[in-house]
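The sequence shown begins at 248 in this note's numbering and counts up one residue at a time.
Don't be surprised by glycine CBs; every beta carbon is placed ideally from N, CA and C.
Down below is the structure, laid out as C-alpha coordinates.
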Amino acid sequence: MNSEKAKVIAFYLPQYHCIPENDKWWGKGFTEWTNTKKAVPLFEGHYQPKTPLNQNYYNLLDPSVMREQAKLAKEYKIYGFCYYHYWFKNGKKLLEKPIENMLNDKEVDIPFCLSWANENWSRRWDGGKNEVIMPQDYGDKKEWKKHFDYLLSFFKDDRYIKIDGKPLLVIYKPQLIPRLGKMLDYFRERALCAGFPGLVLMSQHPSWITDKRYNKKYFDYIIKFEPFFTYSTMNKCISLEGNSFNNRIWNIINENEVLLKILEIGKKIRDVFSNMDKSDAGSLTIKDYDEYWNYILDNKIRSDLLISGAFTDWDNTARKVNGMMFQGASPEKFERYLSKLVINNQSKDKLVFINAWNEWAEGAYLEPDEKFGYSYLEAVKRALIK
(Lines of atoms letter the chains of each structure in order from A and count residues from 1; the text may use other names and numbers.)
(Lines give C-alpha, C1' and ligand atoms only; values in the text may rest on other atoms or scores of the structure.)
Protein backbone atom coordinates (compact mmCIF):
# COMPACT_ATOMS: atom_id res chain seq x y z
CA MET A 1 0.00 0.00 0.00
CA ASN A 2 1.35 3.44 -0.92
CA SER A 3 -0.11 5.21 2.10
CA GLU A 4 -1.78 4.29 5.35
CA LYS A 5 -4.41 6.93 4.63
CA ALA A 6 -5.80 5.85 1.28
CA LYS A 7 -5.29 3.86 -1.89
CA VAL A 8 -5.86 6.33 -4.70
CA ILE A 9 -6.91 4.82 -8.03
CA ALA A 10 -7.09 7.12 -11.06
CA PHE A 11 -9.39 6.47 -14.02
CA TYR A 12 -7.34 6.19 -17.20
CA LEU A 13 -8.47 6.90 -20.77
CA PRO A 14 -6.62 4.95 -23.52
CA GLN A 15 -7.72 7.09 -26.50
CA TYR A 16 -4.28 8.51 -27.25
CA HIS A 17 -3.43 6.52 -30.36
CA CYS A 18 -4.99 6.17 -33.78
CA ILE A 19 -7.41 3.38 -34.66
CA PRO A 20 -9.10 2.74 -38.03
CA GLU A 21 -12.57 3.28 -36.58
CA ASN A 22 -11.75 6.76 -35.26
CA ASP A 23 -10.07 7.63 -38.55
CA LYS A 24 -13.32 6.71 -40.29
CA TRP A 25 -15.70 8.41 -37.83
CA TRP A 26 -13.80 11.55 -36.87
CA GLY A 27 -11.09 12.01 -39.51
CA LYS A 28 -7.62 10.68 -40.24
CA GLY A 29 -5.29 10.76 -37.25
CA PHE A 30 -7.98 11.39 -34.63
CA THR A 31 -7.04 10.87 -30.97
CA GLU A 32 -8.12 12.56 -27.74
CA TRP A 33 -5.44 15.14 -28.45
CA THR A 34 -7.37 16.27 -31.54
CA ASN A 35 -10.16 17.82 -29.49
CA THR A 36 -7.79 18.96 -26.75
CA LYS A 37 -5.68 20.99 -29.19
CA LYS A 38 -8.58 22.67 -30.99
CA ALA A 39 -10.28 23.97 -27.84
CA VAL A 40 -10.64 27.74 -27.48
CA PRO A 41 -11.40 29.97 -24.48
CA LEU A 42 -15.10 30.90 -24.34
CA PHE A 43 -14.64 33.93 -22.10
CA GLU A 44 -11.85 35.94 -20.52
CA GLY A 45 -9.83 33.83 -18.10
CA HIS A 46 -11.15 30.50 -19.42
CA TYR A 47 -8.20 28.06 -19.46
CA GLN A 48 -8.35 26.51 -22.91
CA PRO A 49 -6.72 24.76 -24.58
CA LYS A 50 -5.37 22.50 -21.87
CA THR A 51 -1.76 21.84 -22.85
CA PRO A 52 0.37 19.00 -21.45
CA LEU A 53 3.69 20.04 -19.97
CA ASN A 54 6.34 20.49 -22.66
CA GLN A 55 3.58 19.77 -25.19
CA ASN A 56 3.89 16.08 -24.44
CA TYR A 57 1.19 14.85 -26.82
CA TYR A 58 2.15 11.23 -26.32
CA ASN A 59 1.19 8.15 -28.30
CA LEU A 60 0.15 5.24 -26.13
CA LEU A 61 1.50 2.75 -28.67
CA ASP A 62 4.97 3.90 -27.63
CA PRO A 63 5.84 1.36 -24.89
CA SER A 64 7.91 3.88 -22.95
CA VAL A 65 4.88 6.12 -22.33
CA MET A 66 2.94 3.76 -20.06
CA ARG A 67 6.12 2.83 -18.21
CA GLU A 68 6.86 6.48 -17.48
CA GLN A 69 3.25 7.16 -16.49
CA ALA A 70 3.33 4.30 -14.00
CA LYS A 71 6.61 5.54 -12.56
CA LEU A 72 5.28 9.10 -12.27
CA ALA A 73 2.01 8.01 -10.67
CA LYS A 74 3.75 5.91 -8.02
CA GLU A 75 6.19 8.74 -7.27
CA TYR A 76 3.21 10.91 -6.33
CA LYS A 77 1.47 8.19 -4.28
CA ILE A 78 -1.10 7.11 -6.85
CA TYR A 79 -1.79 3.49 -5.92
CA GLY A 80 -3.08 2.34 -9.30
CA PHE A 81 -4.88 2.96 -12.58
CA CYS A 82 -8.39 1.94 -13.59
CA TYR A 83 -8.13 1.54 -17.36
CA TYR A 84 -11.28 1.96 -19.45
CA HIS A 85 -12.04 -1.21 -21.39
CA TYR A 86 -14.20 -1.15 -24.55
CA TRP A 87 -15.99 -4.37 -25.47
CA PHE A 88 -18.89 -4.39 -27.92
CA LYS A 89 -21.18 -6.67 -29.87
CA ASN A 90 -19.70 -10.06 -30.81
CA GLY A 91 -16.51 -9.33 -28.90
CA LYS A 92 -15.50 -6.28 -30.90
CA LYS A 93 -12.80 -4.34 -29.03
CA LEU A 94 -11.75 -0.73 -29.40
CA LEU A 95 -8.72 1.09 -27.96
CA GLU A 96 -7.50 -2.23 -26.57
CA LYS A 97 -3.87 -2.03 -27.70
CA PRO A 98 -2.52 0.06 -24.78
CA ILE A 99 -3.90 -2.25 -22.08
CA GLU A 100 -2.90 -5.38 -24.00
CA ASN A 101 0.61 -3.98 -24.43
CA MET A 102 0.65 -3.13 -20.73
CA LEU A 103 -0.38 -6.67 -19.84
CA ASN A 104 2.63 -8.03 -21.72
CA ASP A 105 5.05 -5.43 -20.38
CA LYS A 106 5.92 -6.01 -16.73
CA GLU A 107 7.91 -2.77 -16.72
CA VAL A 108 4.58 -0.94 -16.48
CA ASP A 109 4.94 -1.41 -12.76
CA ILE A 110 1.70 -0.27 -11.16
CA PRO A 111 -1.43 -2.00 -9.85
CA PHE A 112 -4.40 -1.76 -12.22
CA CYS A 113 -7.99 -2.79 -12.77
CA LEU A 114 -10.51 -2.42 -15.59
CA SER A 115 -13.70 -0.44 -15.98
CA TRP A 116 -15.94 -1.76 -18.73
CA ALA A 117 -17.15 1.37 -20.55
CA ASN A 118 -20.29 -0.41 -21.73
CA GLU A 119 -22.13 2.38 -23.56
CA ASN A 120 -22.97 2.50 -27.25
CA TRP A 121 -20.53 4.75 -29.06
CA SER A 122 -22.43 7.62 -30.63
CA ARG A 123 -21.80 11.09 -31.98
CA ARG A 124 -23.46 12.64 -28.97
CA TRP A 125 -20.28 13.06 -26.91
CA ASP A 126 -18.92 15.82 -29.17
CA GLY A 127 -22.23 17.68 -29.47
CA GLY A 128 -23.28 16.01 -32.70
CA LYS A 129 -26.26 13.82 -33.52
CA ASN A 130 -27.09 10.81 -31.36
CA GLU A 131 -26.23 8.44 -34.21
CA VAL A 132 -24.92 5.14 -32.84
CA ILE A 133 -21.67 4.23 -34.57
CA MET A 134 -20.66 1.21 -32.48
CA PRO A 135 -23.60 -0.59 -30.83
CA GLN A 136 -23.61 -2.72 -27.71
CA ASP A 137 -25.30 -6.11 -27.64
CA TYR A 138 -24.77 -7.96 -24.38
CA GLY A 139 -26.00 -11.31 -25.67
CA ASP A 140 -26.17 -14.43 -23.52
CA LYS A 141 -23.77 -17.00 -22.08
CA LYS A 142 -21.93 -17.47 -25.37
CA GLU A 143 -21.02 -13.78 -25.48
CA TRP A 144 -20.46 -13.59 -21.71
CA LYS A 145 -18.00 -16.50 -21.92
CA LYS A 146 -15.99 -14.82 -24.66
CA HIS A 147 -15.85 -11.60 -22.65
CA PHE A 148 -14.89 -13.27 -19.37
CA ASP A 149 -12.18 -15.33 -21.06
CA TYR A 150 -10.64 -12.09 -22.28
CA LEU A 151 -10.91 -10.46 -18.85
CA LEU A 152 -9.38 -13.50 -17.18
CA SER A 153 -5.99 -12.86 -18.79
CA PHE A 154 -5.92 -9.55 -16.92
CA PHE A 155 -7.31 -10.93 -13.67
CA LYS A 156 -4.47 -13.47 -13.50
CA ASP A 157 -1.79 -10.79 -13.70
CA ASP A 158 0.05 -10.18 -10.42
CA ARG A 159 -0.46 -6.43 -10.82
CA TYR A 160 -4.23 -6.71 -11.11
CA ILE A 161 -6.00 -5.11 -8.14
CA LYS A 162 -7.73 -7.63 -5.92
CA ILE A 163 -9.78 -7.18 -2.77
CA ASP A 164 -9.58 -10.09 -0.35
CA GLY A 165 -8.02 -12.06 -3.19
CA LYS A 166 -10.91 -11.27 -5.57
CA PRO A 167 -10.26 -9.39 -8.85
CA LEU A 168 -11.95 -5.99 -9.02
CA LEU A 169 -14.11 -5.29 -12.08
CA VAL A 170 -15.88 -1.95 -12.54
CA ILE A 171 -18.89 -1.56 -14.84
CA TYR A 172 -19.55 1.96 -16.04
CA LYS A 173 -23.31 1.95 -16.65
CA PRO A 174 -24.85 -1.31 -15.43
CA GLN A 175 -28.37 0.05 -15.88
CA LEU A 176 -27.92 -0.42 -19.64
CA ILE A 177 -27.41 -4.18 -19.39
CA PRO A 178 -30.40 -6.51 -19.86
CA ARG A 179 -30.15 -9.72 -17.79
CA LEU A 180 -27.63 -7.95 -15.59
CA GLY A 181 -28.13 -10.30 -12.65
CA LYS A 182 -27.65 -13.43 -14.76
CA MET A 183 -24.54 -12.03 -16.43
CA LEU A 184 -22.94 -11.04 -13.12
CA ASP A 185 -23.80 -14.42 -11.58
CA TYR A 186 -22.06 -16.06 -14.53
CA PHE A 187 -18.98 -13.84 -14.11
CA ARG A 188 -18.79 -14.67 -10.40
CA GLU A 189 -19.16 -18.38 -11.08
CA ARG A 190 -16.39 -18.25 -13.68
CA ALA A 191 -14.10 -16.40 -11.25
CA LEU A 192 -14.56 -19.21 -8.72
CA CYS A 193 -13.86 -21.82 -11.38
CA ALA A 194 -10.67 -19.95 -12.28
CA GLY A 195 -9.41 -20.38 -8.71
CA PHE A 196 -10.23 -16.99 -7.27
CA PRO A 197 -12.27 -16.73 -4.05
CA GLY A 198 -14.77 -14.64 -6.01
CA LEU A 199 -15.11 -11.43 -7.97
CA VAL A 200 -15.57 -7.90 -6.59
CA LEU A 201 -17.97 -5.90 -8.75
CA MET A 202 -18.29 -2.12 -8.57
CA SER A 203 -20.79 0.14 -10.29
CA GLN A 204 -19.39 3.44 -11.56
CA HIS A 205 -22.00 5.78 -13.01
CA PRO A 206 -25.01 6.96 -10.94
CA SER A 207 -28.49 6.69 -12.38
CA TRP A 208 -31.89 7.61 -10.97
CA ILE A 209 -33.39 4.25 -11.92
CA THR A 210 -30.68 1.96 -10.60
CA ASP A 211 -30.53 2.43 -6.84
CA LYS A 212 -32.34 -0.81 -6.07
CA ARG A 213 -29.55 -2.68 -7.78
CA TYR A 214 -26.98 -1.04 -5.54
CA ASN A 215 -27.12 -3.93 -3.15
CA LYS A 216 -25.33 -7.20 -2.62
CA LYS A 217 -27.48 -8.95 -5.21
CA TYR A 218 -25.81 -7.09 -8.06
CA PHE A 219 -22.79 -5.11 -6.86
CA ASP A 220 -20.43 -5.28 -3.95
CA TYR A 221 -19.72 -1.55 -4.01
CA ILE A 222 -20.72 1.71 -5.70
CA ILE A 223 -18.04 4.20 -6.72
CA LYS A 224 -18.94 7.81 -6.04
CA PHE A 225 -17.85 8.80 -9.54
CA GLU A 226 -17.36 12.53 -9.27
CA PRO A 227 -18.59 15.07 -10.11
CA PHE A 228 -21.53 13.03 -11.45
CA PHE A 229 -22.43 11.24 -8.24
CA THR A 230 -22.74 14.61 -6.52
CA TYR A 231 -24.67 16.08 -9.46
CA SER A 232 -27.16 13.22 -9.22
CA THR A 233 -27.57 13.41 -5.45
CA MET A 234 -27.83 17.21 -5.43
CA ASN A 235 -30.62 16.95 -7.98
CA LYS A 236 -32.20 14.01 -6.13
CA CYS A 237 -31.75 11.73 -9.13
CA ILE A 238 -30.52 8.80 -7.07
CA SER A 239 -31.20 7.28 -3.71
CA LEU A 240 -29.90 4.30 -1.80
CA GLU A 241 -33.24 3.57 -0.19
CA GLY A 242 -34.03 1.00 -2.87
CA ASN A 243 -37.79 1.29 -2.50
CA SER A 244 -38.97 3.45 -5.38
CA PHE A 245 -41.54 2.50 -8.00
CA ASN A 246 -38.97 2.85 -10.80
CA ASN A 247 -36.63 0.44 -9.04
CA ARG A 248 -39.31 -2.19 -8.52
CA ILE A 249 -40.30 -1.95 -12.20
CA TRP A 250 -36.67 -2.25 -13.29
CA ASN A 251 -36.15 -5.40 -11.21
CA ILE A 252 -39.29 -7.04 -12.61
CA ILE A 253 -38.23 -6.28 -16.21
CA ASN A 254 -34.62 -7.35 -15.70
CA GLU A 255 -35.61 -10.82 -14.54
CA ASN A 256 -38.30 -11.45 -17.18
CA GLU A 257 -37.17 -12.54 -20.67
CA VAL A 258 -40.40 -11.49 -22.45
CA LEU A 259 -40.42 -8.04 -20.87
CA LEU A 260 -36.74 -7.65 -21.72
CA LYS A 261 -37.46 -8.35 -25.38
CA ILE A 262 -40.24 -5.75 -25.38
CA LEU A 263 -37.91 -3.26 -23.71
CA GLU A 264 -35.17 -3.91 -26.28
CA ILE A 265 -37.60 -3.35 -29.16
CA GLY A 266 -38.78 -0.14 -27.53
CA LYS A 267 -35.19 1.07 -27.20
CA LYS A 268 -34.50 0.40 -30.88
CA ILE A 269 -37.59 2.39 -31.89
CA ARG A 270 -36.56 5.22 -29.55
CA ASP A 271 -33.04 5.24 -31.02
CA VAL A 272 -34.40 5.54 -34.55
CA PHE A 273 -36.40 8.63 -33.64
CA SER A 274 -33.67 10.13 -31.47
CA ASN A 275 -31.26 9.97 -34.40
CA MET A 276 -33.51 11.98 -36.70
CA ASP A 277 -31.49 15.17 -37.08
CA LYS A 278 -31.23 15.83 -33.36
CA SER A 279 -28.23 17.26 -31.57
CA ASP A 280 -27.24 18.29 -28.08
CA ALA A 281 -28.34 21.85 -28.59
CA GLY A 282 -28.07 23.98 -25.51
CA SER A 283 -25.88 26.43 -23.67
CA LEU A 284 -22.74 26.10 -21.62
CA THR A 285 -23.38 24.97 -18.04
CA ILE A 286 -21.08 26.42 -15.38
CA LYS A 287 -20.88 24.86 -11.91
CA ASP A 288 -19.13 26.04 -8.77
CA TYR A 289 -16.10 23.93 -7.77
CA ASP A 290 -16.28 24.79 -4.07
CA GLU A 291 -20.00 24.11 -3.84
CA TYR A 292 -19.58 20.63 -5.29
CA TRP A 293 -16.60 19.74 -3.14
CA ASN A 294 -18.33 20.96 0.00
CA TYR A 295 -21.30 18.77 -0.92
CA ILE A 296 -18.98 15.80 -1.48
CA LEU A 297 -17.49 16.27 1.97
CA ASP A 298 -20.86 16.85 3.64
CA ASN A 299 -22.88 14.27 1.69
CA LYS A 300 -25.46 12.77 4.03
CA ILE A 301 -25.79 9.53 2.06
CA ARG A 302 -24.16 6.82 4.17
CA SER A 303 -23.70 3.23 3.10
CA ASP A 304 -21.03 0.58 3.48
CA LEU A 305 -21.47 0.02 -0.26
CA LEU A 306 -20.01 3.42 -1.17
CA ILE A 307 -16.44 3.92 -2.35
CA SER A 308 -15.11 7.47 -2.09
CA GLY A 309 -14.59 9.53 -5.23
CA ALA A 310 -12.79 12.76 -6.08
CA PHE A 311 -12.31 14.96 -9.13
CA THR A 312 -9.53 17.35 -10.07
CA ASP A 313 -11.67 19.60 -12.29
CA TRP A 314 -14.13 19.28 -15.15
CA ASP A 315 -14.40 21.19 -18.43
CA ASN A 316 -15.51 19.28 -21.51
CA THR A 317 -15.80 22.32 -23.80
CA ALA A 318 -12.91 20.89 -25.81
CA ARG A 319 -15.45 18.33 -27.00
CA LYS A 320 -18.52 20.54 -27.22
CA VAL A 321 -18.91 24.24 -26.48
CA ASN A 322 -22.35 23.59 -24.99
CA GLY A 323 -20.86 21.26 -22.39
CA MET A 324 -20.28 21.71 -18.67
CA MET A 325 -17.41 23.22 -16.76
CA PHE A 326 -16.47 24.21 -13.23
CA GLN A 327 -15.18 27.55 -12.04
CA GLY A 328 -12.86 28.04 -9.09
CA ALA A 329 -10.71 24.91 -9.31
CA SER A 330 -7.06 25.03 -8.27
CA PRO A 331 -4.42 22.55 -7.07
CA GLU A 332 -4.47 24.23 -3.65
CA LYS A 333 -8.21 23.72 -3.23
CA PHE A 334 -7.99 20.19 -4.57
CA GLU A 335 -5.33 19.35 -1.99
CA ARG A 336 -7.38 20.81 0.85
CA TYR A 337 -10.55 19.00 -0.17
CA LEU A 338 -8.81 15.70 -0.88
CA SER A 339 -7.08 15.84 2.51
CA LYS A 340 -10.45 16.12 4.24
CA LEU A 341 -11.92 13.34 2.10
CA VAL A 342 -9.02 11.04 2.96
CA ILE A 343 -9.30 11.74 6.68
CA ASN A 344 -13.02 10.90 6.70
CA ASN A 345 -12.77 8.03 4.23
CA GLN A 346 -14.63 4.90 5.36
CA SER A 347 -14.41 3.03 2.03
CA LYS A 348 -13.41 -0.60 1.76
CA ASP A 349 -9.59 -0.85 1.81
CA LYS A 350 -9.56 2.96 2.09
CA LEU A 351 -10.07 3.25 -1.67
CA VAL A 352 -10.50 6.62 -3.39
CA PHE A 353 -11.20 6.80 -7.13
CA ILE A 354 -10.06 10.02 -8.79
CA ASN A 355 -11.47 11.35 -12.04
CA ALA A 356 -8.97 11.23 -13.71
CA TRP A 357 -5.39 10.54 -14.74
CA ASN A 358 -5.67 11.79 -18.31
CA GLU A 359 -9.14 12.97 -19.38
CA TRP A 360 -7.62 15.97 -21.15
CA ALA A 361 -10.61 16.83 -23.35
CA GLU A 362 -12.82 16.79 -20.25
CA GLY A 363 -10.44 18.92 -18.20
CA ALA A 364 -10.11 16.15 -15.59
CA TYR A 365 -6.48 15.10 -15.31
CA LEU A 366 -3.61 14.69 -12.87
CA GLU A 367 -0.87 14.68 -15.48
CA PRO A 368 1.35 17.79 -15.52
CA ASP A 369 0.32 20.66 -17.79
CA GLU A 370 1.72 24.00 -18.92
CA LYS A 371 -0.31 26.05 -16.45
CA PHE A 372 -0.01 24.09 -13.22
CA GLY A 373 3.00 21.87 -13.84
CA TYR A 374 3.01 18.99 -11.34
CA SER A 375 0.80 20.80 -8.84
CA TYR A 376 -2.17 18.44 -8.96
CA LEU A 377 0.10 15.42 -8.49
CA GLU A 378 1.88 17.20 -5.65
CA ALA A 379 -1.53 17.90 -4.11
CA VAL A 380 -2.32 14.18 -4.04
CA LYS A 381 1.02 13.34 -2.46
CA ARG A 382 0.70 15.98 0.24
CA ALA A 383 -2.91 15.01 0.97
CA LEU A 384 -1.81 11.42 1.59
CA ILE A 385 1.30 12.02 3.69
CA LYS A 386 0.13 14.85 5.96
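Item                                                                                      : Value
Residues that DSSP places opposite F558 in a beta bridge                                  : N602
Beta carbon of P261 nearer than 7 Å to that of P345                                       : yes
Identified DSSP bridge partners for V417                                                  : S362 and M449
Short Cβ contact (7 Å threshold) for F395 with F434                                       : yes
Helix, strand or coil at Q574 [DSSP, three-state]                                         : strand
Segment limits, alpha helix (DSSP H) that includes T477                                   : F475 to M481
Candidates L416, L553 and L431, of which the one nearest F328 by Cα                       : L416
Beta-bridge pairing of A257 - partner residues as DSSP gives them                         : F328 and I601
As assigned by DSSP and simplified to three states, the class of P425                     : coil
Burial state of L448, where buried means 16 or more other Cβ atoms lie within 10 Å        : buried
Residues sharing a beta bridge with S369, DSSP                                            : V379
When V568, K324 and F335 are compared against F290, the one with the closest alpha-carbon : V568
Pairwise C-alpha distance: K388 and L624                                                  : 42 Å
DSSP three-state assignment for P345, whether helix, strand or coil                       : helix
DSSP-derived helix/strand/coil call for D384                                              : coil
Where T532 falls: helix, strand or coil (DSSP)                                            : strand
Run of the beta strand (DSSP E) containing Y468, from where it starts to where it stops   : Y468 to I470
DSSP state of Y623 mapped onto helix, strand, coil                                        : helix
First and last residue of the uninterrupted alpha helix (DSSP H) at R314                  : P310 to E322
Extent of the continuous alpha helix (DSSP H) run through P444                            : Note, P444: premise wrong, no alpha helix (DSSP H); not H, not E.
Nearest residue (CA-CA) to L531, options R566, E538 and I469                              : R566
Host alpha helix (DSSP H) of N282 (start-end)                                             : E279 to K285
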